[in-house]
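Q: Protein chains in written order, with this note's numbering: chain A, 992 to 1125; chain Z, 2 to 161. Quick one: this structure, given as structure tokens, is what I'll be asking you about.
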Amino acid sequence: MTQSNLLRHVGAALIACAMQPMAAHAATPADLQAAYGALSGTAAAPDRGQQLFTTPHGREWSCASCHGSVPTQPGKHASTGKPIAALAPAFNPERFVDAAKTEKWFRRNCNDVIGRECSAAEKADVIAWLRTFK
Amino acid sequence: MTHRNAFPRKCWAVVVALVASHAALAGDDRRAPGVAPLPKYKQECTACHVAFPPGMLPADSWRRLLGNLPHHYGTDASLDTATANELAAWLAANAGTYKRVREAPPEDRITRSAWFIRKHDEVPSAVWKRPAVKSAANCAVCHTQADQGDFNEHTVRIPR
Chain A
992 MTQSNLLRHV
1002 GAALIACAMQ
1012 PMAAHAATPA
1022 DLQAAYGALS
1032 GTAAAPDRGQ
1042 QLFTTPHGRE
1052 WSCASCHGSV
1062 PTQPGKHAST
1072 GKPIAALAPA
1082 FNPERFVDAA
1092 KTEKWFRRNC
1102 NDVIGRECSA
1112 AEKADVIAWL
1122 RTFK
Chain Z
2 MTHRNAFPRK
12 CWAVVVALVA
22 SHAALAGDDR
32 RAPGVAPLPK
42 YKQECTACHV
52 AFPPGMLPAD
62 SWRRLLGNLP
72 HHYGTDASLD
82 TATANELAAW
92 LAANAGTYKR
102 VREAPPEDRI
112 TRSAWFIRKH
122 DEVPSAVWKR
132 PAVKSAANCA
142 VCHTQADQGD
152 FNEHTVRIPR
């Protein structure tokens, strides 16, 4: 097992552990940010989250390609055209309230946008940025 | 002429009703049988696209799609194993067996099936390129009842 694989597995276990007392849908965006922040060992930075979200990473899409660069408004799937509800939690109470769903979408979308999974620090940064919208 | 009156008037009502019901049936898309979608299928798949009726692809196509979700037409649509298995079983049980659906289309794309192309042959190519349409997979933009599994041409509204 490589070091990064080890970190990833330990990280996943920690996230699962941190979220265990909460049933699905019982987490809050602040809880999830705190859990990712604790894993990364660094304070979340909203401006880094914005940078990650709105710029492409050597591939066709950025996060904003589907979610829009103003995440308080609905976006549109870049290939299928399907509407995507707003991502900022203050504008959509269904966002970042389920740890498993949050992990699933970070995994998929970071793979699509960056070509790898996002680190815990990156996830905390993005949630921190999305939480700045009131 | 008396034989015209031999056909009782009330029987005409039956004929009219039969013709009307036949016309209604002819408008139905029989490749999209009204299988109620598995709630989890709807929940997972409609995050990105309309819940394509399982009868629109053969079992072989669904098996390949569900076996390769991390590489799903250019995006990572990966699911946990338990969910993927549940969806795969339901799709296998409800896949298309109608003769025109039995053969897997190129790339397992519904939109490349011979029946799909024929059904849409009156749609000019420029329509597919309109920003509002974007993709042939964006069924619901024209088929206004697609999210209900209804692809009847009478409910089609093509955006400008």
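Think of the CB as a built atom: it goes at the ideal place given N, C-alpha and C, for glycine as much as any other residue.
Given this structure, state the Cα-to-Cα distance separating A147(Z) from P54(Z), to the nearest angstrom.
A: Position 146 of the second sequence, counted from the first residue, corresponds to residue 147(Z). Position 53 of the second sequence, counted from the first residue, corresponds to residue 54(Z). Taking the straight line joining both Cα atoms gives about 9 Å.
Q: Looking at A137(Z) and N156(Z), is the spacing between their C-beta atoms short of 8 Å?
A: The residue labelled residue 156(Z) in the question sits at position 155 within the second sequence. The residue labelled residue 137(Z) in the question sits at position 136 within the second sequence. Note that residue 156(Z) corresponds to Thr in the displayed sequence, not to Asn. No; because the gap between Cβ atoms is not below 8 Å, this pair is not in contact.
Q: For the alpha helix (DSSP H) that contains D148(Z), what are its first and last residues?
A: As a first step, residue 148(Z) must be located in the second sequence, where it is residue number 147. Unbroken run through D148(Z): none, as it is neither H nor E.
Q: How would you list, in chain order, the residues of chain Z whose beta-carbon sits under 7 Å from the beta-carbon of H1068(A)?
A: Taking the first sequence and counting its residues from 1, the one referred to as residue 1068(A) is at position 77. Here the neighbours are C49.
Q: Would you check if there are 3 or more beta carbon pairs closer than 8 Å linking the segment 1088-1106 of chain A to the segment 1041-1060 of chain A?
A: Short answer: they touch.
Q: May I have the straight-line CA-CA distance separating P1080(A) from F1044(A), to the nearest angstrom?
A: Here residue 1080(A) refers to the residue found at position 89 when the first sequence is read from its first residue. Here residue 1044(A) refers to the residue found at position 53 when the first sequence is read from its first residue. One C-alpha to the other measures close to 15 Å.
Q: Counting only Cβ-Cβ distances shorter than 8 Å, please list the residues of the segment 114-131 of chain Z near chain A, keeping chain order.
A: Those residues of the segment 114-131 of chain Z that come within reach of chain A (Cβ to Cβ, closer than 8 Å) do not exist; the list is empty.
Q: Closer than 6 Å by C-beta to K1125(A): which residues in its own chain qualify, once you throw out the five before and the five after it? Chain order, please.
A: Counting from 1 along the first sequence, the entry for residue 1125(A) is found at position 134. Once the five neighbours on either side are set aside, the close Cβ partners of K1125(A) are A1081.
Q: What in chain A is Cβ-close to N86(Z), meaning under 9 Å?
A: Along the second sequence, read from residue 1 onward, the residue named residue 86(Z) stands at position 85. By Cβ distance, chain A contributes nothing, its closest Cβ being about 16 Å from N86(Z), past 9 Å.
Q: Starting from Y1027(A), trace the alpha helix (DSSP H) both ways and give me its first and last residue.
A: If you number the first sequence from 1, residue 1027(A) lands on position 36. From DSSP, the alpha helix (DSSP H) with Y1027(A) extends over 1020-1031.
Q: Buried or exposed: S22(Z), going by 16 or more other Cβ atoms within 10 Å of its Cβ?
A: Within the second sequence, residue 22(Z) is the residue found at index 21, counting from 1. For S22(Z), the pLDDT reaches just 45, beneath the cut-off of 50, and the residue's location in the model is therefore unreliable, leaving the point undetermined.
Q: Along chain A, which residues have their Cβ under 9 Å away from the Cβ of G150(Z)?
A: Reading the second sequence from its first residue, position 149 is the one you call residue 150(Z). Ordered by position in chain A, no residue passes the 9 Å Cβ test against G150(Z), which lies about 16 Å from the chain.
Q: Taking G1(Z) as the query, report the chain A residues whose CB atoms sit under 7 Å from its CB, ordered along the chain.
A: Not covered by the structure: residue 1(Z). The range shown for chain Z is 2 to 161.
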